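Chain order of the listed sequences is X and W.
Residue numbering for the first sequence follows the numbering used here, beginning at 1263 and increasing consecutively.
Residue numbering for the second sequence follows the numbering used here, beginning at 9 and increasing consecutively.
Even for Gly, the Cβ is constructed at its ideal location relative to N, Cα and C.
Owing to the predicted nature of the structure, the values given are computational and were not obtained by experimental measurement.
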Amino acid sequence: MELIERYLQAVKSALPSKQNDDIVQELRDSLLSRVEERETTLGRPLNEKETGEILRKMGNPMVLAGRYGGRRHIIGGSLFTIYWKVLSWALMIALVAHAATSIAIAASGKSLIESLAVFFHFPGVALKVFAIVTLVFAAMDLLGARLRPCDNWDPFQLPPLTKKPARKSKFDLVVQLVLQAVFSAWWLTGLHYQYLVLGPGAAFLRFGPIWLKIYALFVVAALVDIAITGLGLVRPDWWQPTRAVRLVKHALGLLILFLLANAPTLFVPADVHRVEWEPVIKNVNFGLHLGLVVAIIATLVNFVRHGVRFVRQFFAHEQQAVMGL
Amino acid sequence: MSRIVDDPLTANYEVLENLRLELRRGCLILAVLAELRTERYGYTLRKALAERGVDIDEGTLYPLLRRLESQRLLVSEWREEDKRNKRFYQLSKEGKSVLKQLTSEWNAISESLGKLLNGAT
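In structure tokens, the structure reads:
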């Protein structure tokens, strides 16, 4: 039966997430019914090879999942799932390569603008990657009807079962909510009463003016963060609104990081007359700017990843027509 | 690739296979709708169709059932039977009306084609 679960896992990974449990449960019942019928005929339990034969008749899991997808005109249902996975990976690799280059440029001491300029080439490259992958798959789709590459698959090569990450318990969420509230209160108060955040360091340095200029954004970000945990606690089944709020959180984070990175000084000396502290504070500012570039890229990657997933899942619900009958 | 194109027998087989699939598509929808005048779940529906000479694999049947349901031609509900949850499908009111119209269409096509094909042989 593990082979069946591995097959279902492979199908599920390629299905629209809103309905995947429902579809997989129905497929599981069908497979088990087939197994039971065969076992009754043979008068003994099926071995792995015989179970594999039943799965092979059911078809390649990617192709089967593709048939539950929407109506696609360029890439047919049988190839679309594989196309989507290859496209996602290709875009992700391009994104990581750009991010790494951008970080390397920032680390070499060049300006923030120069570093980010490299990263902002990504949309153009992404468009080219999209065009190339789509063209290759459209050609494969055209030839695929004759070559049938998806027919040659082996159920025994399916990936092993993976454990689901456990959903957070109510207790964990309550603790998280309390910690978020305490942290937000500490941070928002600390921006006004700086010794709360900087401790003894407040004798040497102070927050630059930018921190208080964007104070309202910190308040909104804290509220959004608390709202996400609150939603998970009160409405664990509201995955769609939760994801939308999470997207807002990433967008807010990106805006805050960008504004901070653009500020000339993040910290200023507590005493402007102590010139001997200036090199230290200059180094602190440089290090923080570098860290902010890394954080911007990481947040941007997360934002794109969550955005793509959100849009995919939103539209997957609308597209239930089958292409490859 | 060139081997496939150059071999007339294989090329004919491919063409025939594609035409056969096209021909079956509409027929399968009609067969599924007709069989679901009685409530059934996927596995028994496939068996019932097979007994009447309409073979349809699961990889085609289950997505088709979802599509017909999303088009409101079928209604479904989860129920326990034989200690397992099963999704039972049945024609909806709209589905019954569509089936009636499709049946008339099918009869008309069948009659015309019958005359045409008999005349051709």
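The Cβ atoms of I1476/X and I1518/X sit closer than 9 Å to each other. Within 7 Å of the CB of K94/W, the CB atoms of chain X belong to D1291, in sequence order along the chain. Note that the C-beta distance between K94/W and G50/W is below 9 Å. For E66/W, the residues of chain X that pass the 7 Å Cβ criterion are S1292 and M1320, in the order they occur in the chain. Between L72/W and I64/W, the C-beta spacing is below 9 Å.
Within the region 1340-1407 of chain X, the complete alpha helix (DSSP H) segments of 4 residues or longer fall at 1374-1381, listed in chain order. Between R45/W and A58/W, the alpha-carbon positions lie close to 16 Å from each other. Taking all protein chains shown into account, T68/W has 16 or more neighbouring C-beta atoms within 10 Å of its C-beta and is therefore buried. Think of a sphere of 9 Å around the beta carbon of Y97/W: no beta carbon from chain X falls inside it, the nearest being about 10 Å out. For G50/W, the neighbours in chain X by C-beta distance under 7 Å run, in chain order, E1288 and S1292. Judged by DSSP in its simplified three-state form, W1448/X adopts helix. From the listed residues S1431/X, A1557/X and A1443/X, the smallest Cα separation to R1497/X is found for S1431/X.
Beta-bridge pairing by DSSP links K94/W to R87/W. Taking 9 Å as the cut-off, the beta carbon of F1445/X is found no closer than this to the beta carbon of W1539/X. When DSSP states are grouped into helix, strand and coil, P1531/X belongs to the strand group. DSSP places L1467/X within a strand segment (E or B) once states are collapsed to three.
In terms of Cβ geometry, R1571/X and V1530/X do not form a close pair [threshold 9 Å]. Between the alpha carbons of F1480/X and L1389/X lies a distance of about 34 Å.
According to the DSSP secondary-structure assignment, L99/W is paired through a beta bridge with L82/W. If you draw a straight line from the Cα of E25/W to the Cα of S112/W, it comes to about 28 Å.
Taking 9 Å as the CB threshold, R60/W stays off the interface with chain X. Per DSSP, P1323/X is one residue of the alpha helix (DSSP H) stretching across P1323 to R1329.
A straight-line Cα-Cα distance of about 16 Å links V1556/X and L1528/X. In its chain, beyond the 5 residues on either side, L1308, T1313 and I1316 have a beta carbon closer than 7 Å to the beta carbon of V1297/X.
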